[in-house]
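Chemist: Position one of the sequence shown corresponds to residue 24 (the working numbering), numbered consecutively onward.
Handing you a structure now.
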Amino acid sequence: MIRLVFLLRRKQGMSLEEFQNYWRHEHAPLVASHARHMNVLRYVQVHALDDPMNDAMAAARGGMEPRYDGVAELWWDSEESLGEAMATADGERAMAELLEDEQRFIDLPNSPLYFNYEYPQVNPTPENIVATPLSTVVKLYFPLRQPEGRDLNDAQLYWRTSHGPLIRSQAQALSMLRYMQVHRFETPLEAAIREPRGTIVEPYMGHAEVWFDRGLRRQGPEAAAAGQRAIDDEAKFIDFARSAMWIGKEHPII
24 MIRLVFLLRR KQGMSLEEFQ NYWRHEHAPL VASHARHMNV LRYVQVHALD DPMNDAMAAA
84 RGGMEPRYDG VAELWWDSEE SLGEAMATAD GERAMAELLE DEQRFIDLPN SPLYFNYEYP
144 QVNPTPENIV ATPLSTVVKL YFPLRQPEGR DLNDAQLYWR TSHGPLIRSQ AQALSMLRYM
204 QVHRFETPLE AAIREPRGTI VEPYMGHAEV WFDRGLRRQG PEAAAAGQRA IDDEAKFIDF
264 ARSAMWIGKE HPII
């Protein structure tokens, strides 16, 4: 199973509301109509919230990149499944129609995309936690880059084998309902999708995603200490100034 992550910035002149409304009500049905031709198994939109928590999280890390306006997430069985779909006439037509529509509302050069593998860390059963718009649950998105000069594989290994266990050990204090690491991997498919969009922003090494209930979020010394331990460890493998963090709401489409 592979996942495509497409971090979106809206076109200049559009409000966040206009962007998210077009994306959900005009573009989403177009994606759904082509899902069979593209072998897409799942498609979820994560709409960013314009929330003071975003600035607070960035300030705690000494400043970060501006948040994105949303994330498109798409899943396939494998690289082969996607590659086969892209090589068909129906797949080529679907990709062309989606790109044409994306140009209407997405700042494509500044919207990076890349392929990933998932590494669940805190994963309740059944996996039915969704940050729906009317609930108090939100999804935290944390696209991250390693410091300059640090090898991608080395940074991902530390993230998975050292930072992951640390966060799992204090998930309750951090009020986590679910925690997933999503690690980028290199594939020729990435260039095949980036190049037609003129993408100029370099991909991240992956992202962390956390679901939590704002209505049940823990406060006090224990939560503060756990949060600081997490940030201190993040600094060992993350370049905060070249990373971003925000909260959002999920809209499952497929």
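From the three backbone atoms N, C-alpha and C, an ideal C-beta is built for every residue, glycine too.
#1: Would you mind giving the Cβ-Cβ distance between R59 and T159, rounded to the nearest angstrom? I have them listed as a contact below 8 Å.
#2: Just reading off the beta strand (DSSP E) that A95 is part of, what are its end residues?
#3: Quick check: the Cα distance between V199 and T111, rounded to an integer number of angstroms?
#4: For V233, which residues in the same chain have their Cβ closer than 6 Å to its Cβ, ignoring the five residues on either side in sequence?
#5: Using 9 Å as the threshold, is the C-beta distance between V69 and E273 below it?
#6: Roughly how many angstroms separate the alpha carbons of R127 and A246, rounded to a whole number?
#7: Rounded to whole angstroms, what is the Cα-Cα separation between P275 and V67?
#8: Grab the span of the alpha helix (DSSP H) containing D256 for me, first residue to last.
#9: When you compare the CB positions of A196 and R84, do they come within less than 9 Å of one another, or not?
#10: Just verifying my parser: in three-state terms, what is the DSSP assignment at G229?
#11: At 3 residues or longer, what runs of the beta strand (DSSP E) sit wholly inside the region 195-225?
#12: Measure from the alpha carbon of E41 to the alpha carbon of each residue in D92, V54, L239, M80, then state which is nearest.
#13: Please name the residue, chosen from P147, L136, E141, that lies closest to V28 on a Cα-to-Cα basis.
Modeler: Looking at the atomic coordinates:
#1: Not confirmed; about 35 Å, so no contact.
#2: 93-99
#3: Reading off the sequence, residue 199 comes out as Met, not Val. Rounded to the nearest angstrom, the two C-alpha atoms are 42 Å apart.
#4: L163, M199, Y202
#5: yes
#6: 43 Å
#7: 4 Å
#8: 244-257
#9: no
#10: strand
#11: 201-207
#12: D92
#13: L136
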